[in-house]
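Note sheet for the following structure.
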Amino acid sequence: MSTTSKMIKGYSYVSLDNLTFYILGFAYWLLTAWFLTPGQLGLVTFAISTVGFGQLFSDLRLGLILRRYIAEFSTLGEENKIRVCFRFILKIRLAVATIFCIFFIVLADYIAIFFQNPGYALALRVAAFSILFGAFTDIVMSVLEGLQEFKKELFFTIFRRSALILFFVLFVIVSGFGAVGALLGYSLAPLIVGIIFLFLIFQKFEKESEPSKVELDMKRIISYSKWMIVSSITFYLYSNVNILILTYFFDLLTVSYYKVAVATLDNIIGYINVSGRVLEPLQTSFFVTNKKNATFWKLQKTYFESTKYAFFSALPIIVFTFLLADSVISLLYPPAYSSSVIFLIILSFGYVGRAVTIGIRSTFAAIERPDWIAKYYGLMTLINTVIALGLIPFVQEIAVAIAFSLGSCVGVLYCVLKIKAFLKTPFPSIPVFKYTIASILVYIVCYGVLRVLSLFSIINFILIIIVIVLGIAIYLPSVIFLGGINHEDLDRLKLFAERVPFLKRPFILFYDFGCVLIRFKEKILAKYEGKS
Numbered sequence: 370m371s372t373t374s375k376m377i378k379g380y381s382y383v384s385l386d387n388l389t390f391y392i393l394g395f396a397y398w399l400l401t402a403w404f405l406t407p408g409q410l411g412l413v414t415f416a417i418s419t420v421g422f423g424q425l426f427s428d429l430r431l432g433l434i435l436r437r438y439i440a441e442f443s444t445l446g447e448e449n450k451i452r453v454c455f456r457f458i459l460k461i462r463l464a465v466a467t468i469f470c471i472f473f474i475v476l477a478d479y480i481a482i483f484f485q486n487p488g489y490a491l492a493l494r495v496a497a498f499s500i501l502f503g504a505f506t507d508i509v510m511s512v513l514e515g516l517q518e519f520k521k522e523l524f525f526t527i528f529r530r531s532a533l534i535l536f537f538v539l540f541v542i543v544s545g546f547g548a549v550g551a552l553l554g555y556s557l558a559p560l561i562v563g564i565i566f567l568f569l570i571f572q573k574f575e576k577e578s579e580p581s582k583v584e585l586d587m588k589r590i591i592s593y594s595k596w597m598i599v600s601s602i603t604f605y606l607y608s609n610v611n612i613l614i615l616t617y618f619f620d621l622l623t624v625s626y627y628k629v630a631v632a633t634l635d636n637i638i639g640y641i642n643v644s645g646r647v648l649e650p651l652q653t654s655f656f657v658t659n660k661k662n663a664t665f666w667k668l669q670k671t672y673f674e675s676t677k678y679a680f681f682s683a684l685p686i687i688v689f690t691f692l693l694a695d696s697v698i699s700l701l702y703p704p705a706y707s708s709s710v711i712f713l714i715i716l717s718f719g720y721v722g723r724a725v726t727i728g729i730r731s732t733f734a735a736i737e738r739p740d741w742i743a744k745y746y747g748l749m750t751l752i753n754t755v756i757a758l759g760l761i762p763f764v765q766e767i768a769v770a771i772a773f774s775l776g777s778c779v780g781v782l783y784c785v786l787k788i789k790a791f792l793k794t795p796f797p798s799i800p801v802f803k804y805t806i807a808s809i810l811v812y813i814v815c816y817g818v819l820r821v822l823s824l825f826s827i828i829n830f831i832l833i834i835i836v837i838v839l840g841i842a843i844y845l846p847s848v849i850f851l852g853g854i855n856h857e858d859l860d861r862l863k864l865f866a867e868r869v870p871f872l873k874r875p876f877i878l879f880y881d882f883g884c885v886l887i888r889f890k891e892k893i894l895a896k897y898e899g900k901s
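Taking the working numbering, I'd label the letters of the sequence shown as residues 370 to 901.
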């Protein structure tokens, strides 16, 4: 199977998984926004972010390490090593998670006092159990991704997200436990689903692996792990530093406004995370089979294609966010969250920057350079923190959003420079400028249409649909005429769509439309060249 075919097969299944993940995840998020007050939502966000520090140290990036080496051992046909590696990492993960769970339960009062509110202690204790119980689902997902069992990932995602919604309904809507009930459900859901799937994984390994004494190259695994642990620390700081800054300098209401914007963007642009989940196991196999002769053209190809499509799909998000931020917040959330609009607009820049580096960071992990991942998160955390603290006296709470977006832009530059230095050989440049021109054109036209529509009483949902459909109708032909998409790209899109049943018909229509536009463009160019 060709490199492109492998990518498309993985993208097809994981796209379904991601779609399910974000639909059910967003449904859960909307339930929390509507059935909790902004203050309760801020408390839930603070508690989860704080115990996330314990998840960080109990995780030790063991899930990513497991995914990476399962992909390698699977490529080399070393099935017994997969079983031994799985059991070894599972034992360490659960033991360390238990220690940090107890640690946060004991220290909850002191943490609450530091943040100037002793009432936070109970929420922190309940959230602490997610450190231990979340370990089960982390390990399951790592195994399935490493083995590239994409169909099973889909079922796992459905069960995991459905359990989260079920427990929220039970503990918050039915029982009325508020923020504590939401945290209780957040902690218990991964335990139930994780145990069931771990049992199935144990059965699979016992059935397929012959019992024998297997020795792992622990020196190499530990060398890889130490930088993954450092990257775990920097990733936690990068993900949570803004919430902690807002909690310390402002209040839980401000935290809830920020979290609404973050959660909305996670679900709007999170589909690009598909690239990381598909690419790392695939690129690991390319790296393992070619590192002796140092021919990495397959890595080069997957990096280029994934980053190109990330730019292609992420840049219009800025346009739609600018145009529709107020309508989206008004449609999805209670009026109390109207202050989230400014966060949503500013953070969209940072999310685009983060999205386009997902494929590159997966390449870092595949080529055994976790130190680059650690430095990436560390650099952005440092920039984010310094800029946020420096701007707070001048622009108040939106300082954290500005800092996040600036840090993400620097992160893109860092990742591109690193991967180009590693691959060495030249490869085609990504047509970012063409995508940017097309996005600006979309903004100009849609802004004019919005101004006209504002003269009429149109509900937000209809307004959003009109702008998105119009924007896509302008963006795609513009990109094609500018040369940002060619026949090969359309062929990949068609192959991808044929593997996802509910996307097949609309994508085939777009494929036919794109081919017509490309032929029309070629005729115009041919006539122009003939005249000249």
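Where is the CB? At the ideal position from N, CA and C, for every residue including glycine. Note that the structure is a prediction, hence the values are computed from the model and not measured.
Query, Result
"Three-way DSSP call (helix, strand, coil) for Gly853 in this model", "coil"
"Limits of the unbroken alpha helix (DSSP H) element including Arg456", "Glu448 to Phe483"
"Coil, strand or helix - Leu435 by DSSP", "helix"
"Residues near Val483 in its chain [Cβ-Cβ closer than 7 Å; skip 5 each side]", "Note on identity: in this sequence residue 483 is Phe, with Val being the wrong assignment. Excluding sequence neighbours, Phe483 sits near nothing in its chain."
"Outcome for Val769 when other beta-carbon atoms lying within 10 angstroms are tallied against a minimum of 16", "buried"
"Residue-chain proximity (Lys521, chain B), Cβ-Cβ < 8 Å", "Here chain B cannot be found, since the structure has a single protein chain."
"Close-in-space but distant-in-sequence residues of the same chain around Ile742 (CB under 6 Å, 5 per side omitted)", "Ser600, Arg730 and Phe733"
"Exposed unless 16 or more other CB atoms sit within 10 angstroms - verdict on Gln517", "buried"
"Beta-carbon proximity of Ala548 to Leu445, cut-off 8 Å", "no"
"Ile887 in three-state terms, based on DSSP", "helix"
"Residues of its chain near Ala492, where Cβ-Cβ distance is below 8 Å and the 5 sequence neighbours each way are ignored", "Leu412, Val413, Phe415, Ala416, Ala548, Val549 and Leu552"
"Gly515 vs Ala440 beta-carbon contact at 8 Å", "yes"
"Status (buried if at least 16 other CB within 10 Å, exposed otherwise) for Phe825", "exposed"
"The segment 558–566 / the segment 491–509 touching (three or more Cβ pairs under 8 Å)", "yes"
"C-alpha distance - Gly903 paired with Val688, whole-angstrom precision", "Any answer about residue 903 is impossible in this case: the structure gives the chain only from 370 up to 901."
"Meets three-Cβ-pair contact criterion under 8 Å: the segment 534–542 and the segment 453–465", "no"
"Integer-rounded CB distance, given that Gly423 should sit under 8 Å from Phe472", "6 Å"
"Euclidean distance between Cα positions of Ala632 and Pro487", "27 Å"
"Asp620 versus Ser709 - alpha carbon distance", "14 Å"
"Rounded C-alpha distance that separates Ile714 from Lys628", "13 Å"
"Sequence-distant residues of its chain with Cβ nearer than 7 Å to Phe395 (five each side left out)", "Asn636"
"Through-space distance from Ala694 to Gln409, alpha-carbon basis", "24 Å"
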